[in-house]
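Just so we're aligned: the sequence shown equals residues 7 to 157 in this note's numbering.
Have a look at the structure below before the remarks.
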Amino acid sequence: MKLLDDNRFLAGIHSYERQLAKLLAVLLAVVIGLASIQLLLESVGKILQLSTNWFDGNLIGLLDRLLLIFIALEVLQNVNAYLRDQVVQIELVLLTALTAVARKVIVLPPGTENKPILMVGFGVIVVSLAGAFWLVRMARRSHPQPVEPTG
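Structure, rendered in structure tokens:
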């Protein structure tokens with residue numbers, strides 16, 4: 007008789023993994039909430055300062071932080087989907103990655119257009135992620151998953 011049966015061991019690892027994912031989801035939710043409050047307070051403060059020049063980088067900074075919060079929300083959705091379905095939903099992961107790359111492109115500092123290798127790199131990443139997303143979508147269409155009845 008084995009000290010630890012393989013099935014019991016794997017069940018224990020699975021349980022630990024789920025509990026850790028729940029803990030990290032709660033931590034991420036708290037961080038997202040605090041970051042949202044901080045962003046709101048900073049934005050209101052800048053709006054109330056009539057001398058704020060939104061075209062000297064303040065607007066890009068605001069967009070950067072806002073998109074970062076959206077990315078964190080997407081990561082939280084990924085964790086929730088994992089906990090609900092017990093599988094990693096690759097479409098959500100790819101969309102989160104596309105959002106993260108889009109954020110970097112949107113907030114590129116002036117002068118970046120003079121760095122062709124960086125621009126080509128971003129292009130390759132975007133095309134690769136979009137292609138992977140398209141392949142996953144096509145695979146899902148050609149092999150639909152059975153829907154379990156609810157209720």
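For each residue, glycine too, the CB sits at the ideal point set by N, CA and C.
Sub-9 Å separation of residue i and residue j beta-carbons
{"i": "residue 101", "j": "residue 80", "result": "yes"}
{"i": "residue 38", "j": "residue 70", "result": "no"}
{"i": "residue 97", "j": "residue 24", "result": "no"}
{"i": "residue 107", "j": "residue 135", "result": "yes"}
{"i": "residue 31", "j": "residue 89", "result": "yes"}
{"i": "residue 132", "j": "residue 104", "result": "yes"}
{"i": "residue 52", "j": "residue 40", "result": "no"}
Backbone secondary structure at residue i - three-state DSSP
{"i": "residue 139", "result": "helix"}
{"i": "residue 150", "result": "coil"}
{"i": "residue 93", "result": "coil"}
{"i": "residue 126", "result": "helix"}
{"i": "residue 121", "result": "coil"}
{"i": "residue 107", "result": "helix"}
{"i": "residue 114", "result": "coil"}
{"i": "residue 11", "result": "coil"}
{"i": "residue 145", "result": "helix"}
Of the residues the options, the one placed nearest residue i, counting alpha carbons only
{"i": "residue 85", "options": "136, 52 and 33", "result": "33"}
{"i": "residue 76", "options": "53, 129 and 42", "result": "42"}
{"i": "residue 66", "options": "104, 27, 149 and 114", "result": "114"}
{"i": "residue 78", "options": "109, 131, 139 and 119", "result": "109"}
{"i": "residue 116", "options": "48, 12 and 63", "result": "63"}
{"i": "residue 139", "options": "99, 92 and 119", "result": "99"}
Practice item. Jot down the residue ranges of each uninterrupted alpha helix (DSSP H) in the region 15–74, minimum 4 residues, whole runs only, in chain order. Key: none
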